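A.B. asks: Residue numbers (the numbering used here): 935 to 1372.
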Amino acid sequence: MKSPFCPEIEFQEKNIIQKFQEEKMAAALSYLKSNSPFYQRLFSENKIDIAKIKTIEDLSHIPFTGKHDLQKFNEDFLCVSKEKIVDYITTSGTMGDPVTFACTEADLERLAYNEAVSFTCAGLKQGNIVQLMTTLDKRFMAGLAYFLGIRKMGASVIRVGNGIPELQWDTIRRLHPDTLMCIPSFILRLIEYAETHDIDYKNSSVKRIIGIGEGLRDQNFKLNSLGQKIKEKWDVELFATYSSTEMSATFSECPYSCGGHHHPELLIVEIIGENDEPVPEGEIGEVVITSLGVEGMPLLRFRTGDMARIHTEPCKCGRKTFRISPIVGRKNHMIKYKGTTLYPPAITDVLNNTNYIENFYITVNTNETETDDVIITIGLRGNPTFDVIKDLKDRFRAKIRVAPDIVIAPTEEVRKTNFPAMSRKPVTFFDNRKQITE
935 MKSPFCPEIE FQEKNIIQKF QEEKMAAALS YLKSNSPFYQ RLFSENKIDI AKIKTIEDLS
995 HIPFTGKHDL QKFNEDFLCV SKEKIVDYIT TSGTMGDPVT FACTEADLER LAYNEAVSFT
1055 CAGLKQGNIV QLMTTLDKRF MAGLAYFLGI RKMGASVIRV GNGIPELQWD TIRRLHPDTL
1115 MCIPSFILRL IEYAETHDID YKNSSVKRII GIGEGLRDQN FKLNSLGQKI KEKWDVELFA
1175 TYSSTEMSAT FSECPYSCGG HHHPELLIVE IIGENDEPVP EGEIGEVVIT SLGVEGMPLL
1235 RFRTGDMARI HTEPCKCGRK TFRISPIVGR KNHMIKYKGT TLYPPAITDV LNNTNYIENF
1295 YITVNTNETE TDDVIITIGL RGNPTFDVIK DLKDRFRAKI RVAPDIVIAP TEEVRKTNFP
1355 AMSRKPVTFF DNRKQITE
């Protein structure tokens, strides 16, 4: 019997999927007009008749929603009375002031369904045991969503939380999970701990790792430096995911590893270029989402700031929904350095593939000529006897054609910068440039 978390719509032809989404879109627009103070005002001020928005292409007549709108008018996005709210969540705040999202019981059920569908896409099923290495506290949506999704699909979950390699390995030894869910770079710490403490990790129960928050593949779907380092050490299946609090949905790879699958019952997605128009198929643009089925705080044409492309050819898994590429970077993180356009993931890929680097962070400043300066602060593993700065600059020139400035600092000092107070995830990018208000 087919899993209820492998919905038929994902296997339908493109025209059927679009018609399905447009029916969902009409319901979402009607709901916003009836219940959202923010979108009621937006429709009125822009003289938008939602009855005329019949196709996904027609969405272009509606202005975008940005992070600044959520920050400035947060409560105006709420579509239900506060008595219906069962859970409050905030974004991480890495891009400015955190934003609060209020979830109803129906929203938590949708989150559970989303993750169950995504885990099914990645090959999980009832009977799997997932060790969850993300926090369920600190107002964090992701950890809660993963827990609800694993529970809904009938798999088993071990809520270990983040960090503490000793506890992670003790849990693996005692409970024999087959799947780990965590930030991929933490796997390298797990491997290092295992090697230091003579743990036979290659023959452990773990067969699959689902990564969150960091990319594992490049734009050609080959493993990036971080993915290669993990795979070379530990021959497990690697799955990448892409999600955000604002979209309340996840794009997960299937076993064919060719992009994150779109779930059309949860999101409408547009890819927008510099001119705010859709980019040609296969080109990189900004991911813009319209949430479907959200009750508490649905969003319409929300600019995520994430840059990606979509792939529309059918996947070998049988799904015919589009797939989203690995994220190239964030739009407002784009760096113009010595005539080269860069996104931070291109820099971190080099750093993650350099074995003498323990930890790092990237700082971007505006210099006196109003252009970008890039400084990379690194903590070293061991005591290299060669010229580290020269070697690292050579690596950068070979990979991205330019060599940023390098500063060496004590690893503990770098670690404190990576984990500032109240942070729920490591921070490796600091943008000190003069900001242009939208």
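Cβ coordinates follow ideal geometry from the N, Cα and C atoms, glycine included. Every value quoted in this text rests on a predicted model; they were computed, and no experiment measured them.
Quick one, are the C-beta atoms of Val1284 and Phe1330 less than 7 Å apart?
C.D. replies: yes
A.B. asks: Can you give me the Cβ contacts of Ser1138 inside the same chain, cut-off strictly under 6 Å, excluding the 5 residues immediately before and after it?
C.D. replies: Ile1106
A.B. asks: Does the beta carbon of His1196 come closer than 7 Å to any beta carbon on chain C?
C.D. replies: Absent here is chain C; the protein component of the structure consists of one chain.
A.B. asks: Identify which residue in Val1308, Tyr1290, Asn1289, Gly1194 has its Cα closest to the Cα of Val1298.
C.D. replies: Val1308
A.B. asks: Please list, in chain order, all residues of the same chain as Lys1136 whose beta carbon is under 8 Å from its beta carbon, the five residues on each side excluded.
C.D. replies: Trp1168, Asp1169
A.B. asks: What does the alpha-carbon distance come out to for the pair Glu1372 and Thr1238?
C.D. replies: Note that Glu1372 has pLDDT 39, beneath the 50 cutoff, so the model's placement of it is unreliable and no number is given.
A.B. asks: Between the Cα of Val1140 and those of Ile1146, Val1064, Ile1206, Lys1072, spot the shortest distance and give me the residue it belongs to.
C.D. replies: The shortest C-alpha separation from Val1140 is found at Val1064.
A.B. asks: Taking the DSSP output, what are the residues bridged to Ile1241?
C.D. replies: Sequence check: residue 1241 is Met here, not Ile. Glu1220, Gly1263, per the DSSP bridge assignment.
A.B. asks: Under 8 Å, with one C-beta from each stretch per pair, do the segment 1269–1282 and the segment 1327–1347 reach the 3-pair mark?
C.D. replies: yes
A.B. asks: Does the separation of the CB atoms of Ile984 and Leu963 fall below 7 Å?
C.D. replies: Judged by beta-carbon spacing, Leu963 lies within the 7 Å limit of Ile984, meaning their Cβ atoms are closer than that value.
A.B. asks: Ignore the nearest five residues each way along the sequence and tell me which others in Arg1093's own chain have a CB closer than 7 Å to its CB.
C.D. replies: Leu1066, Leu1070, Phe1081
A.B. asks: Please name the residue or residues paired with Ser964 in a DSSP beta bridge.
C.D. replies: None; Ser964 has no bridge partner.
A.B. asks: Report the rounded CA-to-CA distance for Thr999 versus Cys1037, giving the unit in angstroms.
C.D. replies: Across the structure, Thr999 and Cys1037 are spaced so that their CA atoms are roughly 19 Å apart.
A.B. asks: How big is the Cα-Cα spacing for Asn1154 and Ala1242?
C.D. replies: Cα-Cα distance, rounded: 12 Å.
A.B. asks: So, with DSSP's three-state summary, where would you put Cys1116?
C.D. replies: strand
A.B. asks: Please go through the same chain and pick out, in chain order, the residues whose beta-carbon is closer than 7 Å to the beta-carbon of Thr1246, but skip the five residues on each side of it.
C.D. replies: Glu1215, Phe1256
A.B. asks: Nearest-angstrom Cα distance between Cys940 and Asn1287?
C.D. replies: Looking at the two C-alpha atoms, the distance is approximately 36 Å.
A.B. asks: To which residues of the same chain is Ala1050 closer than 6 Å at the C-beta, ignoring the five residues directly before and after it?
C.D. replies: Phe939, Gly1083, Lys1086, Met1087
A.B. asks: Applying the 10 Å Cβ sphere with the 16-neighbour rule, what's the burial state of Val1222?
C.D. replies: buried
A.B. asks: Please report the Cβ distance between Glu1148 and Leu1160, rounded to the nearest whole angstrom; I am assuming they are in contact, meaning their Cβ atoms lie under 8 Å.
C.D. replies: 7 Å
A.B. asks: How is the beta strand (DSSP E) around Asp1365 delimited, first residue to last?
C.D. replies: 1363–1365
A.B. asks: When DSSP labels each residue in this structure, what does Arg975 get in the three-state scheme?
C.D. replies: If DSSP states are grouped into helix, strand and coil, Arg975 belongs with the helices.
A.B. asks: For the beta strand (DSSP E) that contains Ala1089, what are its first and last residues?
C.D. replies: No beta strand (DSSP E) contains Ala1089, which DSSP labels as neither H nor E.
A.B. asks: DSSP three-state call for Phe1074: helix, strand or coil?
C.D. replies: coil
A.B. asks: Counting along the chain, where does the beta strand (DSSP E) carrying Asp1339 start and finish?
C.D. replies: 1339–1342
A.B. asks: Okay, do the segment 1172–1183 and the segment 1195–1209 touch, 3+ Cβ pairs below 8 Å being the bar?
C.D. replies: yes
A.B. asks: Roughly how many angstroms separate the alpha carbons of Lys967 and Gln974, rounded to a whole number?
C.D. replies: 5 Å
A.B. asks: When you compare only the Cα positions, how much space is there between Ile1261 and Asp1240?
C.D. replies: 7 Å
A.B. asks: Determine the direct distance from the alpha carbon of Ile1312 to that of Pro1344, and round the result to whole angstroms.
C.D. replies: 8 Å
A.B. asks: Who are the near neighbours of Leu1234 in its chain, counting only those whose CB is closer than 7 Å to its CB and skipping five residues on each side?
C.D. replies: Leu966, Tyr973, Ile996, Thr999, Thr1224
A.B. asks: Does DSSP put Ala1036 in a helix, in a strand, or in coil?
C.D. replies: Here Ala1036 carries a strand assignment [DSSP, helix/strand/coil].
A.B. asks: When the Cα of Cys1055 is compared with those of Pro1189, Ala1089, Ala1280, Val1228, which residue comes out closest?
C.D. replies: When the alpha-carbon of Cys1055 is set against those of Pro1189, Ala1089, Ala1280, Val1228, the nearest one is in Pro1189.
A.B. asks: Could you spell out the range, first to last residue, of the beta strand (DSSP E) harbouring Ala1183?
C.D. replies: From DSSP, the beta strand (DSSP E) with Ala1183 extends over 1183–1186.
A.B. asks: Just reading off the alpha helix (DSSP H) that Ala1280 is part of, what are its end residues?
C.D. replies: 1278–1286
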